[in-house]
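Using the numbering used here, read the sequence shown as starting at 1336 and increasing by one per residue. Notes follow once the structure below has been shown.
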Amino acid sequence: MGTPPTPARETRPDRPTLASGRRRPRRLRVDDVTVVDPAMMKRAIGGTVVGNTMEWYDVGVYGYLAVTMGRVFLPEADPSLQILFSLGVFASTYVARPLGGVVFGRLGDRVGRQKVLATTLILMAGATFLIGVLPDFAAIGALAPVALVVLKLLQGFSTGGEYAGATTFVSEYAPDKRRGFFASILDLGSYLGFALGAAVVSVLQLLTTEQQMLDWAWRLPFLLAGVLGVVAIYFRLKIEESPAFQATQDAQENKVGEIADAQGRPRNTLALVRQHWRPIVIAIGLVAASNTVGYALTSYMPTYLTDSLGYDPLHGTLLTIPVLVLLALLLPVAGRLSDRIGRRPVMWLGAASVLLLALPAFLLIGVGSIATTLAGLSLLAVSVALWVSSQASSLPALFPTASRYGAMGVSYNVAIAVFGGTTPLIIQALLQATGNELVPAFFLMATSLIGAVAVWFMKESSQRPLPGSMPSVATEAEAHELVETQDANPNIDLGDLPFLDAEPAEPAEPAATTAPAAPPSQGTAS
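Written out as structure tokens, the structure is:
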């Protein structure tokens, strides 16, 4: 009996595919391209920058008051133990950050970036304000340092969703060709916030005695954070959801096209890590390098100048303020450079600058004069600017829109917890163990080598659409030009764009069928 014909493979007419099984990408049209509204872009940047400024204001205040906080909350301990306690409390903030990153990252990918960013800011400002009204050791004894740790953990939990969400939000709003510049403004706000914290502490140190600082004046910077928090929350509530997230949300809800199929959100954090483990590892390496040198300059340097080099607290604080302003001004310059020559080259420069400049910088700082200290700090500021300027635009480009906030929350906060936030504690412990004043330089060089390996494996993202997002431009004219030149544009891959529809597939060749059986020959039973 003859073999029956093999049925042709069914092809859904609304889901044209290539031979590989992928949908056939259609041509890019003008209405596919997102044209950024300048007014919305300004509100998005303003609303996110104020939150980052608030976060780093608190980091700056606590960093510059580290010696004072140790004496207030652990007055009976040895001075070296007081410093280790203060730096340990600072590090505890970062222990809670990965949990906050997981929780708020998942929420941000589900309910939206804007709602979660407003929530994190409210929690962050509230915890900082409560530190300002916390009873000290003289009032409640050992409960005081415990309460301080609890509030810093709450603060860390809330900030776990802050930077990941802010960088995701700004990157999704920014035009592809200027993403490096706009995203770098986010970190500009961070370091200006740190400088503001340093300035507030400096003014207090000028206007009060050492005893007044221990009795009550240390509270004022934290109370001021409550006022700043109200202003920041007002601006953040006025921003709108990013177009990239909204498009993905609509596609997910309606199960439309490849964007829903290929970018379905992972069911849980374990699935997220399993699906995106490679870019998560790359992101951890990048954040480890950039934030180790960043935290060394900001959070640890006041303690280093005061405790190791003998500067009085006021001079140690005043020396770092102009360097922080210099760093903040360098960030958008380096960010714009990354839009021109690429993120990877700028990060290579950051790694090379740490390897070449870290030792000279700490040698200059160790001389002890104001001029050489400023020169050494400025060298570190250049390295930080080159490393950090591309971070806010490079990290979101590692992950697709549907899971970007969650993946950022995991990778960024794990790196910060292990490397960034512990930097002051690790360096101080190494100094006390070795007595070598150049240990900080060697530590920064080692982490920059880790970052260099991560840059090697990172794909270039400058002037390209974010994964899972359509191209984004600044003007209608750019949109028309992009469509007209799409075939010759090396930054556009139609196969990677999340089209919600597709061109009809070319007629497929008929499926092979088995030829009918030959008639039976005479003399053979049929």
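The C-beta atom is built at its ideal place from N, Cα and C for all residues, glycine as well. In this text the structure is predicted, and so the values were computed from the model without any measurement.
Own chain, CB closer than 6 angstroms to residue i, minus 5 neighbours either side, in chain order
| i | result |
| --- | --- |
| residue 1712 | 1658 |
| residue 1385 | 1567 and 1570 |
| residue 1731 | 1502, 1503, 1506 and 1739 |
| residue 1708 | 1654 and 1700 |
| residue 1696 | 1711, 1714 and 1715 |
| residue 1408 | 1472, 1479, 1480 and 1483 |
| residue 1798 | 1511, 1512 and 1826 |
| residue 1528 | 1388, 1391 and 1392 |
| residue 1382 | 1570, 1571 and 1574 |
| residue 1395 | 1529, 1532 and 1533 |
| residue 1666 | 1519, 1522, 1523, 1720 and 1724 |
Beta-bridge partners of residue i, as assigned by DSSP
| i | result |
| --- | --- |
| residue 1702 | Note: residue 1702 sits in no beta bridge, so no partner. |
| residue 1808 | 1370 |
DSSP-derived helix/strand/coil call for residue i
| i | result |
| --- | --- |
| residue 1745 | helix |
| residue 1371 | coil |
| residue 1738 | helix |
| residue 1821 | coil |
| residue 1646 | coil |
| residue 1533 | helix |
| residue 1573 | coil |
| residue 1492 | helix |
| residue 1802 | coil |
| residue 1387 | helix |
| residue 1481 | helix |
| residue 1356 | Bear in mind that a pLDDT of 47 at residue 1356, under 50, signals an unreliable position, so the model cannot answer this. |
| residue 1794 | coil |
| residue 1378 | helix |
| residue 1762 | helix |
| residue 1470 | coil |
| residue 1554 | helix |
| residue 1476 | coil |
Residue interval of the alpha helix (DSSP H) (run including residue i)
| i | result |
| --- | --- |
| residue 1499 | 1497-1508 |
| residue 1513 | Element bounds for residue 1513: n/a, residue is neither H nor E. |
| residue 1405 | 1401-1408 |
| residue 1630 | 1612-1630 |
| residue 1450 | 1448-1467 |
| residue 1549 | 1545-1550 |
| residue 1429 | 1414-1430 |
| residue 1633 | Segment: none, residue 1633 is in no alpha helix (DSSP H) and carries neither H nor E. |
| residue 1641 | No alpha helix (DSSP H) holds residue 1641; DSSP gives it neither H nor E. |
| residue 1728 | 1726-1729 |
Same chain, Cβ closer than 8 angstroms to residue i, neighbours up to 5 away in sequence not counted
| i | result |
| --- | --- |
| residue 1428 | 1487, 1488, 1490, 1491, 1494 and 1756 |
| residue 1686 | 1624, 1722, 1783, 1784, 1786, 1787 and 1790 |
| residue 1564 | 1389, 1456, 1457, 1459, 1460, 1461, 1463 and 1464 |
| residue 1762 | 1631, 1635, 1639, 1774, 1775 and 1778 |
Close-in-space but distant-in-sequence residues of the same chain around residue i (CB under 7 angstroms, 5 per side omitted)
| i | result |
| --- | --- |
| residue 1759 | 1422, 1425, 1630, 1634, 1635 and 1638 |
| residue 1689 | 1628, 1718, 1779, 1780 and 1783 |
| residue 1744 | 1436, 1437, 1439, 1440, 1495, 1496 and 1499 |
| residue 1470 | 1479 |
| residue 1410 | 1472 |
| residue 1608 | 1615 and 1745 |
Any C-beta of chain D under 8 angstroms from that of residue i
| i | result |
| --- | --- |
| residue 1778 | The structure shown has no chain D; it contains just one protein chain. |
ask   = Counting Cβ pairs, one atom from each stretch, are 3 or more of them under 8 angstroms apart for the stretch 1447-1460 and the stretch 1766-1781?
value = no
request  = Flag this pair as touching only if the stretch 1533-1547 and the stretch 1644-1657 have three or more C-beta atom pairs under 8 angstroms; answer yes or no.
outcome  = yes
task = Please determine if the stretch 1396-1410 and the stretch 1420-1434 are in contact, where contact requires at least 3 C-beta pairs separated by less than 8 angstroms.
result = yes
key: Three-pair Cβ contact test at 8 angstroms for the stretch 1715-1725 versus the stretch 1670-1689   = yes
ask   = Contact between the stretch 1439-1446 and the stretch 1532-1539: three or more CB pairs below 8 angstroms?
value = no
message = Measuring CB atoms only, is the stretch 1363-1373 touching the stretch 1608-1621, in the sense that at least three cross pairs come out at less than 8 angstroms?
response = no
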